[in-house]
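This report concerns only the one structure given below.
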Amino acid sequence: INLVIAAVFAPVLLLYTPSVDPQPKKPMRQRASSFDYVGAFLIVAAFAFGTTGLSFGGSEYAWGSATIIVTLVLSVVLFCLFGIQQSFCLATSFEHRLLPVQYFRNRTLILMFLESAQVGSSIFIPIYFIPLFFQFTKGDRALDAAVRLLPFIFFLVFFSLANGGVMGKEGHYMPWYIIANVLIILGSALMYTVNENTSTANIYGYSIILATGAGCIMQASFIVAQAIVPRIEMSAGK
Numbered sequence: 323i324n325l326v327i328a329a330v331f332a333p334v335l336l337l338y339t340p341s342v343d344p345q346p347k348k349p350m351r352q353r354a355s356s357f358d359y360v361g362a363f364l365i366v367a368a369f370a371f372g373t374t375g376l377s378f379g380g381s382e383y384a385w386g387s388a389t390i391i392v393t394l395v396l397s398v399v400l401f402c403l404f405g406i407q408q409s410f411c412l413a414t415s416f417e418h419r420l421l422p423v424q425y426f427r428n429r430t431l432i433l434m435f436l437e438s439a440q441v442g443s444s445i446f447i448p449i450y451f452i453p454l455f456f457q458f459t460k461g462d463r464a465l466d467a468a469v470r471l472l473p474f475i476f477f478l479v480f481f482s483l484a485n486g487g488v489m490g491k492e493g494h495y496m497p498w499y500i501i502a503n504v505l506i507i508l509g510s511a512l513m514y515t516v517n518e519n520t521s522t523a524n525i526y527g528y529s530i531i532l533a534t535g536a537g538c539i540m541q542a543s544f545i546v547a548q549a550i551v552p553r554i555e556m557s558a559g560k
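Quick note on numbering: the sequence shown equals residues 323 to 560 in our numbering.
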């Protein structure tokens, strides 16, 4: 169904998305020369080796095999090299490096990063396990099990849209985070109690509580981050 929706909306996006050139006076060759190629290579290679090792470990190869150990070690080494290269602006510049290292000294941005990580977990773990639960304990078909996610998805999207509209106008983000984290903790604790005897209605209710909390701050960190950093440090504002 994702492909069908994408096929319908892709032409609309292509035709009506405004064309904005953030650097209209800079020639293409100069733009290309300012790209952080070394940083891009290091981070892509680090993720490639890490993903390969974690994906094949325990399935295609034993965790203690030389293949898995080498890929994971290379991933760690490349991440370290990437951190060094970004910190000292090697083969790049302060303005054009991929990772704005100075943000790690900003307490609010660090908290936003941690919040984004935990919200991502509270979203993708239920999305993965709720259909599996109904397939293995209730005997649902794959399509029927996926339909069980609709309450979670609906409330997640609704409150994400509500957060973007209201918080952007009011300008206060702390109440959203307090309420959202309370709901996420409550919903997660209730989901932890689910077993094969838990009614479907209860599972829907637990997932709605969790989705409401996650939706309230799913996109909030991006808005807050853009509000507290200088405009010149935004990728779209250079």
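Glycine included, each C-beta is placed from N, C-alpha and C at the ideal position. For clarity, every value in this text was computed on a predicted model and none was experimentally measured.
For residue i, count neighbouring Cβ atoms within 10 angstroms of its own Cβ and tell me buried if that reaches 16, exposed if not.
i      : result
ILE550 : exposed
LYS560 : Note that LYS560 has pLDDT 47, beneath the 50 cutoff, so the model's placement of it is unreliable and the number below is only indicative. Flag for LYS560 reads exposed.
ILE365 : buried
ARG553 : exposed
ALA332 : exposed
GLN408 : buried
ASN485 : buried
ALA542 : buried
SER381 : exposed
TRP385 : exposed
LEU325 : exposed
PHE426 : exposed
MET350 : exposed
SER482 : buried
Since residue i is in the alpha helix (DSSP H), which residue starts that stretch and which ends it?
i      : result
ARG353 : 350-355
TRP498 : 496-514
ALA549 : 542-550
TYR338 : 324-338
MET556 : From DSSP, MET556 is part of no alpha helix (DSSP H); its letter is neither H nor E.
VAL342 : It is not in any alpha helix (DSSP H) - VAL342 carries neither H nor E in the DSSP assignment.
GLN408 : 388-409
ALA413 : Note, ALA413: premise wrong, no alpha helix (DSSP H); not H, not E.
ALA384 : That residue, ALA384, is in no alpha helix (DSSP H); it is neither H nor E in DSSP.
VAL479 : 472-492
Given a cut-off of 8 Å, decide if residue j and residue i are closer than it, judged by their beta-carbon atoms.
i      : j      : result
GLY535 : GLY509 : yes
ILE506 : LEU532 : yes
GLN414 : GLY361 : Note that residue 414 corresponds to Thr in the displayed sequence, not to Gln. A contact, by the Cβ cut-off of 8 Å.
SER397 : PHE371 : yes
GLU555 : THR459 : no
ALA367 : LEU400 : yes
LEU437 : TYR499 : The question names Leu, yet the displayed sequence has Glu at residue 437. Yes, these two residues count as a Cβ contact at 8 Å.
Taking the alpha carbon of residue i as the point to measure from, which residue in the options has its own alpha carbon closest?
i      : options                        : result
PHE474 : LEU431, PHE446, ILE507, PRO422 : PHE446
SER444 : PHE458, ALA362, ALA502, LYS460 : ALA502
THR520 : PHE456, PHE477, VAL342         : PHE456
LEU403 : VAL342, PHE369, GLU518, ILE391 : PHE369
VAL441 : LYS491, CYS538, TYR359, PHE401 : CYS538
ALA547 : ASN485, ASP462, GLY361, ILE432 : ILE432
MET434 : LEU412, MET496, VAL398         : MET496
GLY439 : MET556, ALA329, PHE544, ILE327 : Looking at the sequence itself, residue 439 is Ala, so the reference to Gly does not match. Closest option to ALA439, Cα to Cα, is PHE544.
ILE452 : THR522, GLY490, ARG351         : THR522
MET540 : VAL488, VAL479, ASN524         : VAL479
Does residue i have its Cβ less than 8 Å from a Cβ in chain B?
i      : result
GLN352 : Given the protein chain composition of this structure (a single chain), no chain B is represented.
Checklist entry - Any contact of the segment 498-513 with the segment 527-541, i.e. 3+ C-beta pairs under 8 Å? => result yes
Next on the checklist: With a threshold of 8 Å, are at least 3 pairs of Cβ atoms found where one atom belongs to the segment 353-360 and the other to the segment 325-339?
Outcome noted: no
Checklist entry - Are three or more beta carbon pairs between the segment 466-481 and the segment 401-421 nearer than 8 Å? => result no
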